[in-house]
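All letters in the sequence shown, in the order written, are residues 1 to 362 by the UniProt record's numbering. Think of the CB as a built atom: it goes at the ideal place given N, C-alpha and C, for glycine as much as any other residue. Keep in mind that this is a model prediction, so the values were computed, not measured.
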Amino acid sequence: MPAATASKKPNRLQELPQEPCRPSQGPLKSTWHQPENRSTWRWYHKLLHALGVDPVPPNYTAVKRSKTEPIPVFNQLHLHLWIISRLAVPLGIQYAYTQLMGRNMHPVGAYFLYSFFIKAFGINLIHSMRRLASTVGYLQAEHARDGVPDHSVLKVMLSLMSVSTFRPMVAAFITYDRNEPVSISPWIIVQIPAYALAVDFWFYWYHRIMHESDTLWKYHKTHHKTKRPTSILSLYADLEQEWFDVLGIPLLAYYTLKPVLPMNFYEWVICWTYIMFTELFGHSGIRAYGSPPAFTWTPLALLDSDLVIEDHDNHHSKGWKTSGNYGKGTRVWDRLFGTVIKREETLPELIDHSIKLSLPQY
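Structural data, given as structure tokens:
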């Protein structure tokens, strides 16, 4: 890059006034949260509102940035600290229990502990990303982001609950050993990216086949009704897809790695917490540059195979049955098999590494 161009770059984003944001009113019309509609709320409307996970709540504001403005960069170390500081809570509680009681938790107790953790982690992450987006802005700012649709509030709520209910249940059933102490191998720094890459491999092919098969497309097209997704819509899908996303892909990845890189219960919890971060992060629509933290210390960016938020955003907005960017956490398989969609906003000449972003704590 010429020095003259680089010298014009600021080290902070231009401060812009925040503008009122309204959810899109297309196929996923969202008006249920408006005050005049509260008399029609059922328990799931009230719960979604109480948890504060509506992606575009009433009175929400965010800046709108042009496509020529600099793109800030996520501080990868801060993303790891954000995740690890939260993982430390359930792991610390269980370790303290073993020291105090002289034995490990019953599998049912461990299940409830980590099920609660995943729910709290997801809620916290949705809050933090929405707060960050209000100051950083969204991709494709000329379009409204999709909210929780009026006709599917219960569906969205149950989808999110299924992740935090069934993933820890299956993990406890398959890998939990009450006689094993709370322990994490030094190999965790390899297990995290290896597991994420295995997830990405299986997800790529399952996802691509869902698009290219007339028979299977009917199970995936609901998810594609969102053209500008938000984090809470990451599992907005038909039941068949939900089950494969929640359990099928994680299990395939686990058994793929097991012969060469086995994981105990605690290591698998850490790995799929990173996957959950990737799922919500990738649907956030935040106008920023940064790959999922599972791949921080890999050469994917040098190989032009990293996946950033815009990549999955483009998968939704620029594709329907025919699409591209099928990967969940990388573009490795998209690059190998020729299904990459060209970026339009996250361009090298706009990415400004002097503008660092950190996720708010809450």
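Using DSSP bridges, identify the partner residues of Pro-20. The residue you call residue 20 lines up with position 20 of the sequence shown. Beta-bridge pairing links Pro-20 to Thr-61.
Using only alpha-carbon positions, find the residue among Ala-171, Ala-144, Phe-74 that is nearest to Pro-107. Indexing the sequence shown from 1 puts residue 107 at position 107. Selected option, being the one with the closest Cα: Ala-171.
For Asn-104, which residues in the same chain have their Cβ closer than 6 Å to its Cβ, ignoring the five residues on either side in sequence? Residue mapping note: residue 104 aligns to position 104 of the sequence shown, counting from 1. Correct list, in chain order: Thr-98, Arg-178.
For Thr-330, three-class secondary structure by DSSP: For the purposes of this step, residue 330 is taken as the residue at position 330 of the sequence shown. Residue state, collapsed to three classes: strand.
Which residue or residues does DSSP assign as beta-bridge partners of Phe-74? As a working note, residue 74 is residue 74 in the sequence shown. Partner(s): Leu-357.
Between the Cα of Leu-79 and the Cα atoms of Met-210, Thr-339, Phe-295, which residue gives the shortest distance? Your numbering for residue 79 matches position 79 in the sequence shown. Nearest of Met-210, Thr-339, Phe-295 to Leu-79, Cα basis: Phe-295.
Compare the C-alpha of Gly-324 against each of His-207, Pro-72, Gln-94, Gln-76 and name the closest. Counted from its first residue, the sequence shown places residue 324 at position 324. That would be His-207, whose Cα lies nearest to the Cα of Gly-324.
Per DSSP, what are the beta-bridge partners of Asp-306 in this structure? Taking the first residue of the sequence shown as position 1, residue 306 is located at position 306. Asp-306 is bridged to Thr-330.
In this structure, how does DSSP classify Leu-91 when only helix, strand and coil are distinguished? Your numbering for residue 91 matches position 91 in the sequence shown. In the three-state reduction of the DSSP assignment, Leu-91 falls in the helix class.
Look at the alpha carbon of Leu-261 and the alpha carbon of Tyr-60, and state the distance between them as a whole number of angstroms. Start at 1 with the first residue of the sequence shown, and residue 261 comes out as number 261. Start at 1 with the first residue of the sequence shown, and residue 60 comes out as number 60. Computed Cα separation, rounded: 45 Å.
State yes or no: is the C-beta of Arg-131 within less than 8 Å of the C-beta of Val-246? For the purposes of this step, residue 131 is taken as the residue at position 131 of the sequence shown. For the purposes of this step, residue 246 is taken as the residue at position 246 of the sequence shown. In this structure, the beta-carbon distance from Arg-131 to Val-246 does not fall below 8 Å.
Which runs of the alpha helix (DSSP H) spanning at least 4 residues fall entirely within the stretch 242-271, listed in chain order? Within the stretch 242-271, complete alpha helix (DSSP H) segments of at least 4 residues are found at 249-257, given in chain order.
Where Lys-321 falls, given that 16 or more other Cβ within 10 Å makes a residue buried: The sequence position of residue 321 within the sequence shown is 321, counting from 1. Result: exposed.
Using three-state DSSP, classify Leu-313 as helix, strand or coil. Within the sequence shown, the letter at position 313 stands for residue 313. What sits at residue 313 in the sequence shown is Asp, not Leu. In the structure shown, Asp-313 sits in a helix (DSSP, three-state: H, G or I).
Following the continuous alpha helix (DSSP H) through Val-156, name the residue where it begins and the one where it ends. Residue 156 sits at position 156 when you count from the first residue of the sequence shown. Start and end: 153-175.
Considering only C-alpha positions, which residue in the set Ser-39, Ile-83, Lys-227 is nearest to Lys-29? Here residue 29 is taken as the residue at index 29 of the sequence shown, counted from 1. For Lys-29, the nearest C-alpha among the options comes from Lys-227.
Is the CB-CB distance between Leu-357 and Val-73 below 8 Å? As a first step, residue 357 must be located in the sequence shown, where it is residue number 357. As a first step, residue 73 must be located in the sequence shown, where it is residue number 73. The answer is yes: Cβ separation under 8 Å.
How about Trp-272 and Pro-250: do their beta carbons lie closer than 8 Å? By one-based count along the sequence shown, residue 272 stands at place 272. By one-based count along the sequence shown, residue 250 stands at place 250. A contact, by the Cβ cut-off of 8 Å.
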